[in-house]
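Asks:
Protein chains: 2
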Amino acid sequence: MEEKRDVILTEVALRDGSHAIRHQFTVEQVTQVAKGLDEANVPYIEVSHGDGLGGSSLQYGFSRTNEMELIEAAAATVKQAKISVLLIPGIGTKQELKHAAQLGAKMVRVATHVTEADVAPQHIALAKDLGLETVGFLMMSHMAPTEKLVEQAKLMESYGADSVYVVDSAGTLLPHEVKERIRALRQSLSIDIGFHAHNNLSLAVANSITAIEEGARRIDGSIRCLGAGAGNTQTEVLVAVLDRLGIQTGVDLYKMMDVAEEIVAPILEKPQEITKDGLVLGYAGVYSSFLLHAQAAARKFGIDSRDILVELGKMKVVGGQEDMILDVAAELAKKLQTAGL
Amino acid sequence: MEEKRDVILTEVALRDGSHAIRHQFTVEQVTQVAKGLDEANVPYIEVSHGDGLGGSSLQYGFSRTNEMELIEAAAATVKQAKISVLLIPGIGTKQELKHAAQLGAKMVRVATHVTEADVAPQHIALAKDLGLETVGFLMMSHMAPTEKLVEQAKLMESYGADSVYVVDSAGTLLPHEVKERIRALRQSLSIDIGFHAHNNLSLAVANSITAIEEGARRIDGSIRCLGAGAGNTQTEVLVAVLDRLGIQTGVDLYKMMDVAEEIVAPILEKPQEITKDGLVLGYAGVYSSFLLHAQAAARKFGIDSRDILVELGKMKVVGGQEDMILDVAAELAKKLQTAGL
């Protein structure tokens with residue numbers, strides 16, 4: 001018997017949460033967590049390196065365990081849940097996607113920067129050929145004006161995506177910004193809309209509720225808040241709030257609480273909280289990879305790294321443009337000097 | 001020069017936050033935190049035992065340092081901030097309030113259960129006589145229907161309170177419930193309305209924004225989320241979000257981030273997070289003091305303690321009625337048996 005689900009949750013602790021433990025998941029941990037989530041009737045469980053298939057590298061951090069082993073273990077464990085993988089074209093390859101599908105993955109989220117959906121069509125086409133449910137995952141969604149976001153989401157739909165996600169990668173969107181974006185997508189697309197939050201501004205649960213109120217039907221959560229930066233939307237908390245609101249997720253709240261406390265919490269090296277760095281990233285709306293660069297540039301020019309990050313956020317600088325950080329710092333230092341500060 | 005403040009913050013880490021470190025604050029810690037908050041231009045800093053003046057006891061936990069020493073140290077440290085104290089009639093006494101005022105406290109929040117404002121008039125009158133700014137602080141505000149809350153708030157106003165707070169002691173209010181309550185108070189009172197949140201459902205920041213949108217002008221925060229249970233509204237996060245919304249707190253965001261990271265975080269025994277117990281309390285909307293009783297009763301009757309807590313929440317059982325927990329557990333066990341579960 002299928003439970004009624006008003007909202008369909010995807011649990012990302014075994015993917016985005018991988019960042020929180022420096023990609024050190026073991027097969028045993030993934031098996032235990034997947035078993036618990038499956039028993040709690042979570043419909044989708046994502047398993048991949050934090051940066052998606054093929055992310056294990058010097059640049060993104062090496063995984064302790066080959067992600068294919070983790071995917072295979074999770075797929076072999078679950079009885080009702082479907083295993084999802086994340087694929088960022090340019091990091092992961094079509095070969096890796098095929099391999100994940102062979103091992104039992106049933107869904108793939110093809111992730112691109114919010115303005116670069118046009119790198120996704122081949123990967124989406126392959127995913128459909130492989131019989132996978134396919135999601136267009138628009139990262140750093142705050143960096144595009146709403147019209148641009150709609151245009152890019154429609155591209156994802158045109159490539160064959162079954163649903164498209166607004167991804168608040170930097171945890172920077174405010175509730176009214178989520179509302180505007182989801183509403184516009186809901187009016188322009190006929191496929192399901194999803195929302196993926198980060199908790200840098202402590203708004204992940206509230207923003208997820210707002211998204212649901214505006215018609216998002218797919219929501220990501222991470223049990224015990226296990227995710228990059230300040231973590232994602234804490235799944236068991238979201239389930240509790242939605243239950244109070246009369247919105248059915250089909251997920252067993254008590255079981256999720258138990259899995260969070262007994263299986264996931266002991267895996268964490270330290271609890272997820274909103275630290276200074278996490279808050280700065282959410283406030284400025286920039287990539288976490290900018291943080292160390294900005295701190296180095298700040299030391300060089302004798303200014304505050306936060307001013308650099310806020311300026312980078314305003315300029316909507318994207319990943320790969322790290323060399324601009326020194327220019328921005330130099331410019332800021334000059335302005336401050338001129339202003340006599 | 002007075003900064004423009006659209007919203008007036010009261011920092012409660014040195015009072016509500018005292019719970020998070022089992023009331024072990026030292027004079028040196030309080031002095032350092034108060035100095036940092038004062039330099040960040042926080043207008044009010046509350047210092048007391050977690051359960052208010054006179055809270056140091058076998059029942060509520062003994063303080064490491066006499067709270068009067070902590071109040072005196074904080075008052076001697078601040079240059080612009082005003083020191084606040086919490087007074088729960090029945091726990092704290094008028095004598096203690098006089099003593100706190102002599103030591104430099106400039107504000108008192110007279111706290112009662114949401115339906116028991118009528119125990120406050122003498123304490124409010126004394127506070128006014130002492131020249132203190134005086135706040136009516138309606139705890140467990142979710143337990144009264146909105147009309148009752150308005151009635152009780154009007155009592156606080158009639159006793160002479162300068163402002164009245166909706167206090168979400170169990171961290172259980174949902175955004176639409178905050179909206180309804182603050183709106184009703186705004187329409188019925190002429191004094192300032194305040195809001196004090198807890199983060200059990202990860203909604204403290206969002207609920208505080210909702211309260212401000214509905215006209216609340218006074219908001220409580222706890223730096224680094226330091227507070228009872230899942231903590232309160234993380235002050236530096238709230239300041240960042242309000243800044244993004246163009247709402248002036250007059251508080252220096254960068255300085256608050258630094259104080260959180262460098263002074264407050266090292267004091268914590270472990271970071272604040274939303275654990276199973278914290279979530280259960282917020283979901284059920286009950287006193288934290290019920291938790292151990294419910295767990296004991298659950299073991300006795302072989303049922304889940306969460307079912308007991310949810311039932312107690314529905315029945316709106318209040319502190320002092322702990323003896324009802326066994327009755328509720330027995331009743332639940334009987335029902336489950338009858339239902340063949």
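Taken in sequence, the protein lines are chains X and U.
Residue numbering for the first sequence follows full-length UniProt numbering, beginning at 1 and increasing consecutively.
Residue numbering for the second sequence follows full-length UniProt numbering, beginning at 1 and increasing consecutively.
Beta carbons: idealized from backbone N, C-alpha and C, even for Gly.
Source: prediction; values computed, not measured.
Assuming the contact rule is C-beta atoms closer than 8 Å, Ala297 of chain U and Ala329 of chain U should be a hit. Round their C-beta distance to whole Å, please.
Replies: Their Cβ separation, rounded to whole angstroms, is 4 Å, which keeps Ala297 of chain U and Ala329 of chain U in contact under 8 Å.
Asks: Nearest-angstrom Cα distance between Ile88 of chain U and Ala100 of chain U?
Replies: Near 14 Å, if we compare the C-alpha coordinates of Ala100 of chain U and Ile88 of chain U.
Asks: Using three-state DSSP, classify Lys314 of chain U as helix, strand or coil.
Replies: Helix at Lys314 of chain U.
Asks: Per the DSSP calculation, Ser208 of chain U is bridged to which residue(s)?
Replies: Paired residue(s): none; Ser208 of chain U is not in a bridge.
Asks: With a threshold of 6 Å on Cβ separation, who are the neighbours of Ser56 of chain X within its own chain once the five nearest residues in sequence on each side are excluded?
Replies: Excluding sequence neighbours, Ser56 of chain X sits near His49, Phe62 and Ser63.
Asks: Report yes or no: is there a C-beta of chain U within less than 9 Å of the C-beta of Leu332 of chain X?
Replies: No, Leu332 of chain X lies away from the interface with chain U (no Cβ there is under 9 Å from its Cβ).
Asks: By the three-class DSSP mapping on this structure, what secondary structure does Asp220 of chain X have?
Replies: Strand at Asp220 of chain X.
Asks: Provide the residue span of the alpha helix (DSSP H) that contains Arg299 of chain X, from first to last.
Replies: It spans Phe290 to Phe301 - the alpha helix (DSSP H) in which Arg299 of chain X sits, taken as one unbroken run.
Asks: Quick check on Ile124 of chain U: buried or exposed, where buried means 16 or more other Cβ atoms within 10 Å of its Cβ?
Replies: Under this definition Ile124 of chain U is a buried residue.
Asks: Can you pull the chain U residues whose beta carbon is under 9 Å from the beta carbon of Pro266 of chain X, in chain order?
Replies: Within 9 Å Cβ-Cβ: nothing; Pro266 of chain X doesn't reach chain U, min ~12 Å.
Asks: Check whether the region 237–244 of chain U and the region 253–262 of chain U touch, using three or more Cβ-Cβ pairs below 8 Å as the test.
Replies: Cβ pair count under 8 Å is three or more, so yes.
Asks: Going along the region 249–277 of chain U in order, which residues come within less than 7 Å of chain X, judged by CB to CB distance?
Replies: Flagged, chain order: Tyr254, Met257, Ala260, Glu261, Lys270, Pro271, Gln272, Glu273, Ile274, Thr275 and Lys276.
Asks: Exposed or buried, which one is Ala76 of chain X when buried takes at least 16 other CB atoms within 10 Å?
Replies: The residue in question, Ala76 of chain X, is exposed, as its Cβ has fewer than 16 Cβ neighbours within 10 Å.
Asks: Distance check for Ser288 of chain U and Gly302 of chain U, CA to CA, integer angstroms please.
Replies: Gly302 of chain U and Ser288 of chain U: Cα-Cα distance of roughly 21 Å.
Asks: Tell me, please, whether the CB atom of Ile209 of chain X is closer than 9 Å to any CB atom in chain U?
Replies: It does: the Cβ of Ile209 of chain X has a partner Cβ on chain U nearer than 9 Å.
Asks: At the level of alpha carbons, what is the spacing between Glu273 of chain X and Gly171 of chain X?
Replies: Those two C-alpha atoms are separated by around 13 Å.
Asks: My assumption, with CB atoms under 8 Å, is that Arg244 of chain U sits in contact with Leu174 of chain X. Please give the rounded CB distance.
Replies: Arg244 of chain U to Leu174 of chain X, Cβ: 6 Å. Contact.
Asks: Compute the beta-carbon to beta-carbon distance between Ile83 of chain X and Ile21 of chain X, rounded to the nearest angstrom, for a pair I have assumed lies under 8 Å.
Replies: Incorrect: roughly 19 Å between the Cβ atoms, too far for contact.
Asks: For Ala197 of chain X and Asp16 of chain X, I'd like the C-alpha separation in whole angstroms.
Replies: Rounded to whole angstroms, Ala197 of chain X to Asp16 of chain X spans 11 Å at the Cα level.
Asks: Just the C-alpha distance for Gln187 of chain X and Lys179 of chain X, rounded to the nearest angstrom, thanks.
Replies: For Gln187 of chain X and Lys179 of chain X, the distance between alpha carbons rounds to 12 Å.
Asks: Name, in chain order, the residues that DSSP records as bridge partners for Thr134 of chain U.
Replies: DSSP lists U:Val108 as partners of Thr134 of chain U.
Asks: When you compare only the Cα positions, how much space is there between Glu39 of chain U and Leu14 of chain U?
Replies: For Glu39 of chain U and Leu14 of chain U, the distance between alpha carbons rounds to 16 Å.
Asks: Report the option in U:Ile209, U:Gly215 and U:Ile267 whose CA atom is closest to the CA atom of Ser163 of chain U.
Replies: Considering only alpha carbons, the answer is U:Gly215.
Asks: One question on the structure: do Gly194 of chain U and Asp168 of chain U come within less than 9 Å of each other, judged by their Cβ atoms?
Replies: No; because the gap between Cβ atoms is not below 9 Å, this pair is not in contact.
Asks: Return the chain-ordered ranges of every alpha helix (DSSP H) run that is complete within the region 219–262 of chain U and spans a minimum of 4 residues.
Replies: Listed in chain order, the complete alpha helix (DSSP H) runs (minimum 4 residues) inside the region 219–262 of chain U are 235–244 and 253–259.
Asks: Does the beta-carbon distance from Ala111 of chain X to Leu138 of chain X come in below 9 Å?
Replies: A contact, by the Cβ cut-off of 9 Å.
Asks: Any idea what DSSP makes of Met1 of chain U, helix, strand or coil?
Replies: Confidence is the limiting factor: at Met1 of chain U the pLDDT is only 43, short of 50, which leaves the residue's position unreliable and the question unanswerable from this model.
Asks: Just mark Gly231 of chain X as buried or exposed, buried being the case when its beta carbon has 16 or more other beta carbons within 10 Å.
Replies: With 16 or more Cβ atoms within 10 Å of its Cβ, Gly231 of chain X is classed as buried.
Asks: Return the first residue and the last residue of the alpha helix (DSSP H) that His176 of chain U is part of.
Replies: Where His176 of chain U is concerned, the enclosing alpha helix (DSSP H) stretches over Pro175 to Ser188.
Asks: Any heavy atom of the ligand PLP closer than 8 Å to the Cβ of Ile219 of chain U?
Replies: Absence of the ligand PLP is noted for the structure shown, with no ligands found whatsoever.
Asks: May I ask which residues mark the beginning and end of the beta strand (DSSP E) holding Glu11 of chain X?
Replies: First-last of the beta strand (DSSP E) with Glu11 of chain X: Ile8 to Glu11.
Asks: Roughly how many whole angstroms lie between the Cα atoms of Ser208 of chain X and Leu130 of chain X?
Replies: Spanning the two alpha carbons is a distance of roughly 31 Å.
Asks: Which class does Lys335 of chain U belong to by DSSP, given the choice of helix, strand or coil?
Replies: In the structure shown, Lys335 of chain U sits in a helix (DSSP, three-state: H, G or I).
Asks: Return the residues of the region 282–304 of chain X that lie within a Cβ-Cβ distance of less than 8 Å from chain U, sorted by chain order.
Replies: Within the region 282–304 of chain X, the residues whose Cβ lies closer than 8 Å to some Cβ of chain U are Gly282, Tyr283 and Asp304, listed in chain order.
Asks: For a test of the three-state rule: what should DSSP assign to Ser158 of chain U, helix, strand or coil?
Replies: Helix at Ser158 of chain U.
Asks: Nearest CA to the CA of Leu312 of chain U: which residue from U:Glu147, U:Ala284 and U:His113?
Replies: For the residues U:Glu147, U:Ala284 and U:His113, the minimum Cα distance to Leu312 of chain U belongs to U:Ala284.
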